[in-house]
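Asks: Before I ask anything, here is the structure I am working with.
Protein chains: 2
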Amino acid sequence: MPDSAIRPRKEFGKTIAADITHRLREEIIACSLAPGEPLRFDVLRERFGASFTTLREALTALAAEGLVDAQEQRGFRVAPVSRQDLVEVTDARVLIEVELIRRSIERGDDDWEIAVISTLHRLKRIEQRDPAHPLRDPEWKIAHRQFHQALVSACGSATLLAIRAELFDRAERYRHLSANFRPRPRDKAGEHQAIMQAAISRNADLAVQLIEAHIRSTFDNVATYAGHLLDAE
Amino acid sequence: MPDSAIRPRKEFGKTIAADITHRLREEIIACSLAPGEPLRFDVLRERFGASFTTLREALTALAAEGLVDAQEQRGFRVAPVSRQDLVEVTDARVLIEVELIRRSIERGDDDWEIAVISTLHRLKRIEQRDPAHPLRDPEWKIAHRQFHQALVSACGSATLLAIRAELFDRAERYRHLSANFRPRPRDKAGEHQAIMQAAISRNADLAVQLIEAHIRSTFDNVATYAGHLLDAE
DNA sequence: AACGGTATGATTTTCGAAAATAACGTTTTG
DNA sequence: CAAAACGTTATTTTCGAAAATCATACCGTT
């Protein structure tokens, strides 16, 4: 089909605004738009090829997610980072993710087990291929996200899953922040494997303990290697 | 003399979009915009006196809060209600509010105690004045919200407070839904008093137990008196 | 009558101009 | 000289027209 040769400006069935929201979110999480950076319409218009109002809609949506900071009558900027915010995000993630893991282990069926195992498998494959800088690899990022998503997917609450997803995004931005300064990525492969095994064997207490350690070690990592960025602002 | 000469169209320093967002949120929570009702731009334009794009921005923000349902290319509608959604909201509220009460009791200082006591006092005053239909009284609603807000305000996490506030709004919509069918409002005054006393005396376990019962009794109430509305859609 | 395609009207979505507001540098005043 | 008042520029915010998309009714064919 030669349709794909003429690349459509946006995905079928989606609005431009939703598309821009998605692209902006990615760039903010990846820190290619730096924390605190002002988001001026002239610049965004150039970069994303959309009009004022469409951009405005996207920025408003991201403001509700906590990735953008809306200053009324004075425009938007990328949400700033801070030690306090990192503490809060870590803390909230532990509270919610721990609960969702418990529920998923309680309620997960065969499909859930298959999803957990297969997403981990894909993640490990990608890590074997290029173990150097996982966060630079978009495929690794997607696979990593999908593994953690799969773990909690059987919890039964779309509401809590949506909240969890927002917190995950905010945390991922901090991971990117520290990735540029970290000498070598810590060994997450072993942690992921252990979490998977605990989950599949329905050992809720162990899984919860491992997940909490996993999340908190991200905090330690960021605080160690990007601490200077957190207090500077 | 036209109103516009005296009353400004919007609060000072706020954008029209933010103002419309606020007004729309109120109407959705109060169910004066019914759950599931389509939100057509022509109608909204008439009702709120704003243009397409300004309304669009407001609706996008509310969609992120879970009060509006965005159907791409097919407009917006008030988020539908369902038994499942009510269960999830109740459940998530218990999880988060319980934790925040604990933290507030742990960390709350004199100002926190004063805020809890004074917001409860105002709430009781309003209830004495008109004990008939509290949910119909905007002042009661504000006072009620502020009391519950005060209880958790010392938790130390703006992130979790924002999540809590969204869940509170979504729950309040269900309260309004059942209020029209409930013969007499249950006695909340006693419950609030007991929660306050437990909090101020730093009895975390008791406060947590009372808050959970308080939240869950809202669920029971809605399920009893508005159950027919939840399954109809 | 059932089905598929097409024209028509209704509705949403996007755009760039225009209005409103803030930011900044300059002048004026105490 | 500091600080207020003004004017100018930069930027955001709002608007309504125009384009894109969806829903529906109509028509011809099988």
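Heads up: the protein sequence lines correspond to chains C and P, in order.
In this text, residue positions in the first sequence follow my numbering: the first is 1, and each later residue adds one.
In this text, residue positions in the second sequence follow my numbering: the first is 1001, and each later residue adds one.
All C-beta atoms, glycine included, are put in the ideal place defined by N, C-alpha and C.
1. Would you identify the three-state DSSP class for C:P35, choosing helix, strand or coil?
2. Run the CB neighbour count on P:H1228, radius 10 Å, all protein chains shown included, and call it buried at 16 or more, exposed below.
3. Between P:L1167 and P:A1092, how many whole angstroms is the CB-CB distance? I'm expecting something under 8 Å.
4. Which whole-angstrom value describes the C-beta separation of P:I1117 and P:I1200, a residue pair presumed to lie in contact below a C-beta threshold of 8 Å?
5. Assuming C:T159 contacts P:V1089 under a Cβ cut-off of 8 Å, what Cβ separation, rounded to an integer in Å, is found between them?
6. Tell me the start and end of each unbroken beta strand (DSSP E) in the region 90 to 150 of chain C that is at least 3 residues and wholly inside, in chain order.
7. Which residue marks the beginning of the alpha helix (DSSP H) containing P:D1169, and which one marks its end?
8. Can you look up C:D187 in the DSSP assignment and give me helix, strand or coil?
9. For the putative contact between C:A58 and C:L24, defined by C-beta atoms under 8 Å, what is the C-beta separation to the nearest angstrom?
10. Applying a beta-carbon distance threshold of less than 8 Å, which residues of chain C neighbour P:Q1248?
11. How should C:A34 be labelled, buried or exposed, when 16 other C-beta atoms within 10 angstroms of its C-beta is the threshold for buried?
12. From which residue to which residue does the beta strand (DSSP E) around P:A976 run?
13. Can the beta-carbon of P:A1207 be found closer than 7 Å to that of P:A1198?
14. Quick one: Cα of P:P1134 to Cα of C:A226, how far?
15. I'd like to know whether the C-beta of P:T1159 is nearer than 7 Å to at least one C-beta of chain C.
16. Can you check whether the CB of C:E139 is closer than 7 Å to the CB of C:I126?
17. Could you tell me whether any Cβ in chain C is nearer than 7 Å to the Cβ of P:P1008?
18. Among P:S1157, P:L1067 and P:I1016, which has the Cα closest to the Cα of P:G1049?
19. Which runs of the beta strand (DSSP E) at least 3 residues long sit entirely within the region 41 to 89 of chain C? Give them in chain order.
20. Interface residues of chain P around C:R56 at Cβ under 7 Å?
21. So for C:R23, helix, strand or coil by DSSP?
22. Could one say the Cβ of C:K124 lies closer than 7 Å to chain P's Cβ atoms, at least one of them?
23. Against chain C, does P:I1101 count as a neighbour if the rule is that its beta carbon must be under 7 Å from one of theirs?
24. Determine the chain P residues that contact C:T15 at a beta-carbon separation under 7 Å, and present them in chain order.
25. For C:Q71, which residues in the same chain have their Cβ closer than 6 Å to its Cβ, ignoring the five residues on either side in sequence?
26. Between the beta-carbon of C:C31 and the beta-carbon of C:L123, is there less than 7 Å?
27. When you compare the CB of P:E1088 with every CB in chain C, is at least one pair closer than 7 Å?
28. Anything in the region 1024 to 1051 of chain P with a Cβ closer than 8 Å to a Cβ of chain C? List those residues in chain order, please.
29. Thinking C-beta only, is C:Y174 closer than 7 Å to C:V222?
30. Does chain C have any CB closer than 7 Å to the CB of P:L1067?
31. Going along chain C, which residues have a C-beta under 7 Å from P:T1218?
32. Please confirm whether C:I20 has its beta-carbon closer than 7 Å to some beta-carbon of chain P.
33. Taking Cβ-Cβ distances shorter than 7 Å, what residues in chain C pair up with P:L1095?
Replies: Taking the coordinates as given:
1. In the structure shown, C:P35 sits in coil (DSSP, three-state: anything other than H, G, I, E or B).
2. It counts as exposed.
3. Between P:L1167 and P:A1092 the beta-carbon gap is near 6 Å, inside 8 Å, which marks them as a contact.
4. Contact between P:I1117 and P:I1200 holds, since their C-beta atoms are separated by about 7 Å, short of 8 Å.
5. Yes, they are in contact, since the Cβ atoms of C:T159 and P:V1089 sit about 6 Å apart, within 8 Å.
6. Segments of the beta strand (DSSP E) lying fully in the region 90 to 150 of chain C: there are none.
7. Counting along the chain, the unbroken alpha helix (DSSP H) around P:D1169 starts and ends at A1158 to A1179.
8. Here C:D187 sits in coil by DSSP.
9. With a Cβ gap of about 6 Å, C:A58 and C:L24 count as contacting.
10. Any answer about residue 1248 of chain P is impossible in this case: the structure gives chain P only from 1001 up to 1233.
11. The C-beta of C:A34 has fewer than 16 other C-beta atoms within 10 Å across all chains shown, which makes the residue exposed.
12. Residue numbering for chain P in the displayed model covers 1001 to 1233; residue 976 of chain P lies beyond these limits and cannot be assessed.
13. Contact: yes.
14. Going by the C-alpha atoms only, they are around 51 Å apart.
15. Chain C contact via Cβ: present.
16. Closer than 7 Å, so yes.
17. Low confidence applies to P:P1008: its pLDDT is 43, below 50, so where it sits in the model is not reliable enough to give any reading.
18. Answer by Cα proximity: P:I1016.
19. Counting only runs of 3+ residues, the beta strand (DSSP E) found wholly inside the region 41 to 89 of chain C occupies 68 to 70 and 76 to 78, in chain order.
20. Neighbours of C:R56 on chain P, chain order: E1057.
21. The answer is helix: DSSP assigns C:R23 an H, G or I state.
22. Judged by the 7 Å Cβ criterion, C:K124 is not in contact with chain P.
23. Cβ-Cβ to chain C under 7 Å: no for P:I1101.
24. E1072 and Q1073, listed in chain order.
25. Excluding positions up to five away in sequence, the list is empty.
26. The answer is no: Cβ separation not under 7 Å.
27. Yes, P:E1088 counts as interfacial toward chain C.
28. Correct list: empty, as no residue qualifies.
29. With a cutoff of 7 Å on beta-carbon distance, C:V222 and C:Y174 are scored as near each other.
30. At a cut-off of 7 Å between C-beta atoms, P:L1067 does not count as an interface residue with respect to chain C.
31. What P:T1218 touches in chain C: nothing, since even the nearest Cβ is about 16 Å away.
32. By this cut-off, C:I20 is not an interface position.
33. Residues of chain C passing the Cβ test: E99.
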